[in-house]
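Visitor: The structure follows.
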Amino acid sequence: MAPWHEQDVPELPGTVAVVTGANVGLGLQTTRVLAQRGAHVVMACRDQRKAVAARDSLIDAGVDGGQLELAELDLADQGSVERFAGSFGHQRLDLLINNAGLMAVAQSTTVDGFETQFGVNHLGHMALTLRLLPLLNATEGARVVTVTSMAHRPGKIRLDDPNFTAGRYGRWRAYFQSKLANILFTGELGRRLTSAGETTLSTAAHPGYAFTELGKDDDRIFSKVAAMANRLVAQPAQFGALPTLRAATDPDAFQGALYGPHRITFGPAVPEVPSATARDTELAGRLWELSLSLLAPWKVTFPA
Numbered sequence: 008m009a010p011w012h013e014q015d016v017p018e019l020p021g022t023v024a025v026v027t028g029a030n031v032g033l034g035l036q037t038t039r040v041l042a043q044r045g046a047h048v049v050m051a052c053r054d055q056r057k058a059v060a061a062r063d064s065l066i067d068a069g070v071d072g073g074q075l076e077l078a079e080l081d082l083a084d085q086g087s088v089e090r091f092a093g094s095f096g097h098q099r100l101d102l103l104i105n106n107a108g109l110m111a112v113a114q115s116t117t118v119d120g121f122e123t124q125f126g127v128n129h130l131g132h133m134a135l136t137l138r139l140l141p142l143l144n145a146t147e148g149a150r151v152v153t154v155t156s157m158a159h160r161p162g163k164i165r166l167d168d169p170n171f172t173a174g175r176y177g178r179w180r181a182y183f184q185s186k187l188a189n190i191l192f193t194g195e196l197g198r199r200l201t202s203a204g205e206t207t208l209s210t211a212a213h214p215g216y217a218f219t220e221l222g223k224d225d226d227r228i229f230s231k232v233a234a235m236a237n238r239l240v241a242q243p244a245q246f247g248a249l250p251t252l253r254a255a256t257d258p259d260a261f262q263g264a265l266y267g268p269h270r271i272t273f274g275p276a277v278p279e280v281p282s283a284t285a286r287d288t289e290l291a292g293r294l295w296e297l298s299l300s301l302l303a304p305w306k307v308t309f310p311a
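All letters in the sequence shown, in the order written, are residues 8 to 311 by this note's numbering.
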């Protein structure tokens, strides 16, 4: 398939989309394009002050403010995920863009006691998806797009200790695990949807090397060097969002598809093949069951 550019995104009148982490970086650019194409975008953000500023910046850039809706969502808090899904006021949901994420943060836990990167990047989005899945399944042509990373390739799933409660914590190991979990979730969700006779698509995207705010609050020397590299060689977030936009709107997208930049780290969006580990269906099933067991206190299930 040919590389995908912003002008390839089709018109989306009447479409309702949710974009997590919509106030900055890839999420902001994804929101911009979807709204410009006529979608009503729910900007699901933790920090509402930043969300307001982001919405205003889009309006100043010419986006119709009527296409933008703010909603509070903290993926580090399962109570917040439940409240967001329970108060979702639309009768349809065409696109759920699981975009928000954290990268290589110091060891910490979510409100619910999960290792923060695993808890936000994977468990938060899994819970959100499953809570919204009945509405997605009731909407013809709906899709779930989960944003992963090239970092899924060295990732390993610690099935016996995903929250690093026993083993030594490594911020990058935890990040790699969460990004591998994203793509394993994408594939397993797609298989379960197909098995249930549902037409909702589960796809994934990675931005390559894009200039975003991931890691910006880390004051280590490594992160300062990475920030300099961002300024020198990273592609702008508007290009990093192209794989997400293709995963969300390409009419030829298929169940479990992964899209990334044409030149591995930058360029227009093309289909990619995930790592062998990411295509391990047995591992995906085990991660799915483990995740549901961790989310059981909040009654998160795959809707029958």
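Glycine included, each C-beta is placed from N, C-alpha and C at the ideal position.
(1) Is it buried or exposed for Pro250, if we count other Cβ within 10 angstroms and need 16 for buried?
(2) Buried or exposed: Thr288, going by 16 or more other Cβ atoms within 10 Å of its Cβ?
(3) Hey, Leu139 and Ala92 are a contact pair by Cβ (cut 8 Å); roughly how many whole angstroms apart?
(4) In the DSSP assignment, find the unbroken alpha helix (DSSP H) run with Thr193 in it and report its ends.
(5) Do Leu299 and Val40 count as a contact pair if the criterion is CB distance below 8 Å?
(6) On the premise that Gly162 lies in contact with Asp168, defined as a C-beta separation below 8 Å, what is that separation, rounded to the nearest angstrom?
(7) State yes or no: is the C-beta of Gly263 within less than 8 Å of the C-beta of Ser209?
(8) Within the same chain, show all residues whose beta-carbon is closer than 7 Å to that of Thr123, passing over the 5 residues directly before and after it, in chain order.
(9) When the Cα atoms are used, what is the spatial distance from Phe229 to Arg178?
(10) Which of the three DSSP states is assigned to His47 in this structure?
(11) Can you name the residues that DSSP bridges to Gly267?
(12) Ordered along the chain, which non-local residues of its own chain (more than five positions away) have a Cβ less than 8 Å from that of Ala236?
(13) Can you have a look at Asp259 and say buried or exposed, based on whether 16 or more other CB atoms are within 10 angstroms of its CB?
(14) So is Arg313 buried or exposed if we call it buried at 16+ other beta carbons inside 10 Å?
(15) Which same chain residues, not among the five before or five after Val25, have their C-beta less than 6 Å away from its C-beta?
(16) Where DSSP assigns a beta bridge to Leu19, which residues make up the other side?
(17) In chain order, which beta strand (DSSP E) runs of at least 3 residues are fully inside the region 57-107?
(18) Measure from the alpha carbon of Ala58 to the alpha carbon of each residue in Gly267, Thr38, Lys306 and Leu100, then state which is nearest.
(19) Tell me the DSSP secondary structure of Val118 in three-state form.
(20) Within its chain, find whatever has a CB closer than 6 Å to the CB of Leu239; leave out the 5 residues flanking it on each side and keep chain order.
(21) Might you give, ordered along the chain, the residues of its own chain that have their beta carbon closer than 6 Å to the beta carbon of Ser156, omitting 5 neighbours on each side?
(22) In this structure, what does DSSP give as the bridge partners for Leu208?
(23) Return helix, strand or coil for Thr27, following the three-state DSSP convention.
(24) Buried or exposed: where does Thr172 fall if 16 or more other Cβ atoms within 10 Å of its Cβ makes it buried?
(25) Would you mind stating whether Ile190 and Leu294 have Cβ atoms separated by less than 8 Å?
(26) I need the DSSP call for Ala113, collapsed to helix, strand or coil.
(27) In whole angstroms, give me the CA-to-CA distance for Leu35 and Leu130.
(28) Look at the Cβ atom of Pro268, then the Cβ atom of Ala255, and state whether they are nearer than 8 Å.
(29) Under 8 Å, do Gln74 and His47 count as touching if we go by C-beta distance?
(30) Can you check DSSP and say which residues form a bridge with Trp11?
(31) Check this for me: beta carbons of Thr207 and Val152, under 8 Å apart or not?
Guide: Walking through what the data contain:
(1) By the 10 Å Cβ count, Pro250 comes out buried.
(2) So Thr288 counts as exposed.
(3) 6 Å
(4) Arg178 to Ser202
(5) no
(6) 15 Å between Cβ atoms; not a contact.
(7) yes
(8) Cβ within range, chain order: Ala83, Leu109, Val112, Ser115, Thr116 and Thr117.
(9) The pLDDT assigned to Phe229 is 48, lower than 50, so where the model puts this residue is not dependable, and the model offers no usable value.
(10) strand
(11) Val277
(12) Only weak support is given to the placement of Ala236: the predicted model assigns it a pLDDT of 45, under 50, and the value that follows is read from those uncertain coordinates. Once the five neighbours on either side are set aside, Ala236 has no close Cβ partner at all.
(13) exposed
(14) Here the chain comprises residues numbered 8 to 311, so residue 313 is not present and cannot be evaluated.
(15) Val49, Ala51 and Leu103
(16) The partner list for Leu19 (beta bridge, DSSP) is empty, contrary to what the question assumes.
(17) 75-79 and 102-105
(18) Thr38
(19) coil
(20) With a pLDDT of only 43 at Leu239, under 50, the local geometry of the prediction cannot be trusted, and the value read off the model is given with reservation. Cβ-Cβ distances below 6 Å link Leu239 to nothing in the same chain once the five nearest sequence neighbours on each side are left out.
(21) Lys186 and His213
(22) Looking at the DSSP assignment, Leu208 forms a beta bridge with Arg150.
(23) strand
(24) exposed
(25) no
(26) The three-state secondary structure of Ala113, taken from DSSP, is coil.
(27) So the two alpha carbons sit approximately 22 Å from each other.
(28) no
(29) yes
(30) Ala276, per the DSSP bridge assignment.
(31) no
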